[in-house]
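Worksheet: one structure, shown below.
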Amino acid sequence: MDNDEARAAADGRYGRSGITAILLAFAVIATYGTGVIAVFLDGIQAHFGLDYAQLGLFLTLGTAGSLASLTLIGPLSQTLGLRRLLLISFGGVALAFLVLGLGRSLMLFCAGLLLLGIFRTSMSTCVPAYLVRIYPELKRRMLSVSLVSGSIPGIAYPLLAQYLLTTVTADRHDFAWVLHVPFLTCGVIVLLMPLSLRGVLPKTPVPADGKGTGRISWRAFTRPRALGLFLLLAVHASADGSLCSWYPKFMHAQQLPLPLSPGVVLSLMSVAYMLSRLGLAFLPEKYLQRLLLVVPGPLGAGLVLIGIWSGDPLLICVCYPLGAFFWSLEYPPLLSEMADRAGDHFASWLAAGFLMCALFQAAAVNLIAQIGQTTGDLRLGVSAAVLGFALFGLGSYLSGLGKR
């Protein structure tokens, strides 16, 4: 299918740019909770009476939901179509938010996190796959734009969470209020997406020859090249997710007069992600592909390790965002490599890769918890997570990924 056919197929009421803006705006709201749970972790621990090991299990509930979701996304995207699955995913996120907002008990809150993992994973898979399908000539650029929009929640929501915690300290609200009410509010807003936009989002373009529209065999995911891409994706995502989950707790555990709060540090990390990926969005397709896959991970990992082990309050706060600026550059090129190989089965490939990511991240989050429980020193655990970025660069180099 040529680019003109793709544009014509995507020209609904708002055109391609309007569709992109609508999807990404709702996706920003639907990702409330990014960084919030990590900022609230001390309060959640006291609120529900959890120890380190139980916190590790609590943090993997979303991952458990992701595992359930990722086994179905590939087949469902082929039977229902990306558009319909996208609408269902937004509706499911809204339901999860409502459960989190209304459920004041530990069991209900855990059920909400499980539901959120199921449907937000599906949404996060379908949005970039949908955009790549309607912009087939600009894969890396659209993936970068999608990831830039994903940085906005990471900037805003930790700052919001930090502000809400100050209202608890000032006795204006109790912790239960700041934990539940924002989820309820976002749930009502996200519910408008599938209700109001059902007739607006066009179906994604289908190749004229029908190539790539049938079911994909599981054997396609077991080939060495595909497994290598999934493994690199999982190493990056598990290092990123587990570090983001535990770094605020690590900062609190240092018992130092830190110049920046954990919420601000997480927000700065997301600013770094946004800036780096905005830069990528303006680069020509495939420009510096090999360099971007090999160098940023080890460089970013080295910076964060310096901060973790320096014992200096300022370095603890600034080295994490600085390191994130570099390793965030490796992710869009990896996804574009996957999109090139997957063709119109990109959603299925993403689901398979994210399935491995969920397994790795669950293991990484609980490994950090066990190291912290055993040694009482979270520096060891978060350092193990950071080394994943160095492994990514090494794996990209040895595999020859990014060579033309």
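So my numbering is basically just the index in the sequence shown, starting at one, shifted up by 633.
Heads up, the beta-carbon is just placed ideally off N, CA and C, and yes, glycines get one too.
- Task: Could you have a look at T664 and say whether DSSP puts it in helix, strand or coil?
- Result: Stepping through the sequence shown from its first residue, residue 664 is reached at position 31. T664: coil per DSSP, three-state reduction.
- Would you kindly work out how many angstroms separate the C-alpha atoms of G725 and M740, rounded to a whole number? For the purposes of this step, residue 725 is taken as the residue at position 92 of the sequence shown. For the purposes of this step, residue 740 is taken as the residue at position 107 of the sequence shown. When rounded, the distance between both Cα atoms is 19 angstroms.
- Item | Where the alpha helix (DSSP H) containing V672 begins and where it ends | Residue numbering aside, residue 672 sits at position 39 when the sequence shown is read from its first letter. Segment 669-672, the alpha helix (DSSP H) holding V672.
- Pull up the distance between the alpha-carbon of V814 and that of T667, whole angstroms please. Position 181 of the sequence shown holds residue 814. Position 34 of the sequence shown holds residue 667. Rounded to the nearest angstrom, the two C-alpha atoms are 16 angstroms apart.
- Would S981 pass as a contact of A972 if the rule is Cβ separation under 9 angstroms? Here residue 981 refers to the residue found at position 348 of the sequence shown. Here residue 972 refers to the residue found at position 339 of the sequence shown. No. Outside cutoff.
- Task: Report the rounded CA-to-CA distance for R1012 versus P946, giving the unit in angstroms.
- Result: As a first step, residue 1012 must be located in the sequence shown, where it is residue number 379. As a first step, residue 946 must be located in the sequence shown, where it is residue number 313. Whole-angstrom Cα-Cα distance: 14 angstroms.
- Query: With a Cβ-Cβ cutoff of 9 angstroms, do A671 and L932 count as a contact?
  - Reply: Working through the sequence shown from its first residue, we reach residue 671 at position 38. Working through the sequence shown from its first residue, we reach residue 932 at position 299. Contact flag unset, no.
- Query: Taking F691 as the reference, which of P890, A957, W879, Q888 has the closest Cα?
  - Reply: What you label residue 691 is simply residue 58 of the sequence shown in a count that begins at 1. Per the Cα distances, W879.
- Item | Contact set for T800: own chain, Cβ-Cβ below 6 angstroms, skip 5 residues either direction | Position 167 of the sequence shown holds residue 800. Taken in chain order, the residues that qualify are H806.
- Output the distance between the C-alpha atoms of Q795 and T712, rounded to the nearest integer angstrom. Here the question's residue 795 lines up with position 162 in the sequence shown. Here the question's residue 712 lines up with position 79 in the sequence shown. Q795 and T712: Cα-Cα distance of roughly 43 angstroms.
- Message: the ligand ATP and L728: does the residue's C-beta get closer than 8 angstroms to at least one heavy atom of that ligand?
- Response: The ligand ATP is not part of this structure, which contains no ligands at all.
- Alpha-carbon to alpha-carbon, F979 and G845: On the sequence shown, residue 845 is found 212 positions in, with the first residue counted as 1. On the sequence shown, residue 979 is found 346 positions in, with the first residue counted as 1. At G845, the pLDDT of 44 sits below 50, so the modelled position is not reliable and the matter cannot be decided from this model.
- Could you spell out where the alpha helix (DSSP H) holding V928 opens and where it closes? The residue you call residue 928 lines up with position 295 of the sequence shown. First-last for V928: undefined, no H or E at that position.
- Could you round the C-beta distance between H869 and Y953 to whole angstroms and report it? I think they count as a contact, below 8 angstroms. Counting from one through the sequence shown, the residue named residue 869 turns up at place 236. Counting from one through the sequence shown, the residue named residue 953 turns up at place 320. Not confirmed; about 16 angstroms, so no contact.
- Message: So, under 8 angstroms CB-CB, S1029 and L865 are touching, yes? Tell me the CB distance rounded to an integer number of Å.
- Response: Counting from 1 along the sequence shown, the entry for residue 1029 is found at position 396. Counting from 1 along the sequence shown, the entry for residue 865 is found at position 232. Indeed they touch by this definition, with Cβ atoms about 6 angstroms apart.
- Query: Any contact of the region 899-912 with the region 778-787, i.e. 3+ C-beta pairs under 8 angstroms?
  - Reply: yes
- Alpha carbon to alpha carbon, how far is G944 from A1018? Give it in angstroms, no decimals. Translated into the one-based positions of the sequence shown, residue 1018 becomes position 385. Translated into the one-based positions of the sequence shown, residue 944 becomes position 311. When rounded, the distance between both Cα atoms is 18 angstroms.
- Which residues in the same chain have their Cβ closer than 6 angstroms to the Cβ of L1027, if we skip the five residues on either side of it in sequence? For this step, residue 1027 is matched to residue 394 along the sequence shown. Here the set comprises nothing.
- Query: Helix, strand or coil: which one does DSSP assign to G1009?
  - Reply: Locating residue 1009 in the sequence shown gives position 376, counting from the first residue. Coil at G1009, not helix or strand.
- Can you give the Cα-Cα distance for T758 and L694, rounded to whole angstroms? Counting from one through the sequence shown, the residue named residue 758 turns up at place 125. Counting from one through the sequence shown, the residue named residue 694 turns up at place 61. So the two alpha carbons sit approximately 18 angstroms from each other.
- Item | At least 3 beta-carbon pairs within less than 8 angstroms: the region 651-669 vs the region 749-757 | yes
- Contact set for A744: own chain, Cβ-Cβ below 8 angstroms, skip 5 residues either direction: Locating residue 744 in the sequence shown gives position 111, where the first residue counts as 1. V732, G736, listed in sequence order.
- Task: Report yes or no: do three or more beta-carbon pairs, one from the region 874-893 and one from the region 986-997, lie closer than 8 angstroms?
- Result: yes
- Message: Please classify P857 as buried or exposed, where buried requires at least 16 neighbouring CB atoms within 10 angstroms.
- Response: As a position in the sequence shown, residue 857 is number 224, starting the count at 1. Result: exposed.
- Query: Between L962 and L1024, what straight-line distance do the alpha-carbon atoms span, to the nearest angstrom?
  - Reply: Taking the sequence shown and counting its residues from 1, one reaches residue 962 at position 329. Taking the sequence shown and counting its residues from 1, one reaches residue 1024 at position 391. C-alpha separation (whole angstroms): 15 angstroms.
- Message: If you follow the alpha helix (DSSP H) that G682 is in, where does it begin and where does it stop?
- Response: Within the sequence shown, numbered from 1, the residue matching residue 682 stands at position 49. No alpha helix (DSSP H) contains G682, which DSSP labels as neither H nor E.
- Just the Cα atoms here: how many angstroms apart are I949 and G935? Your numbering for residue 949 matches position 316 in the sequence shown. Your numbering for residue 935 matches position 302 in the sequence shown. Distance between the alpha carbons of I949 and G935 is about 13 angstroms.
- Query: Can you round the beta-carbon distance between V765 and L780 to whole angstroms, since I take them to be within the 8 angstroms contact cut?
  - Reply: For this step, residue 765 is matched to residue 132 along the sequence shown. For this step, residue 780 is matched to residue 147 along the sequence shown. No, V765 and L780 are not in contact; Cβ-Cβ is about 12 angstroms, not under 8 angstroms.
- Message: So, at 7 angstroms on beta carbons, what are the nonlocal neighbours of G861 in its own chain, with the 5 sequence-adjacent residues on each side left out?
- Response: Stepping through the sequence shown from its first residue, residue 861 is reached at position 228. Cβ neighbours of G861 beyond the five flanking positions: S1032.
- Measure from the alpha carbon of Q678 to the alpha carbon of each residue in D1010, L891, F808, then state which is nearest. Taking the sequence shown and counting its residues from 1, one reaches residue 678 at position 45. Among D1010, L891, F808, the Cα nearest to that of Q678 is on F808.
- Measure how close the beta-carbons of L938 and S1016 come, nearest whole angstrom, since I'm counting them as under 8 angstroms. Taking the first residue of the sequence shown as 1, we reach residue 938 at position 305. Taking the first residue of the sequence shown as 1, we reach residue 1016 at position 383. That pair is a contact at about 6 angstroms.
- Query: Start and end of the alpha helix (DSSP H) containing D873?
  - Reply: Locating residue 873 in the sequence shown gives position 240, where the first residue counts as 1. Segment 857-886, the alpha helix (DSSP H) holding D873.
- Expressed to the nearest angstrom, what Euclidean distance is found between the alpha-carbon atoms of V823 and A727? In the sequence shown, counting from the first residue as 1, residue 823 sits at position 190. In the sequence shown, counting from the first residue as 1, residue 727 sits at position 94. Those two C-alpha atoms are separated by around 5 angstroms.
- For R753, which residues from the same chain have a beta carbon less than 6 angstroms from its beta carbon, with the 5 sequence-adjacent residues on both sides left out? As a working mapping, residue 753 is identified with position 120 in the sequence shown. So the qualifying residues of the chain are V726.
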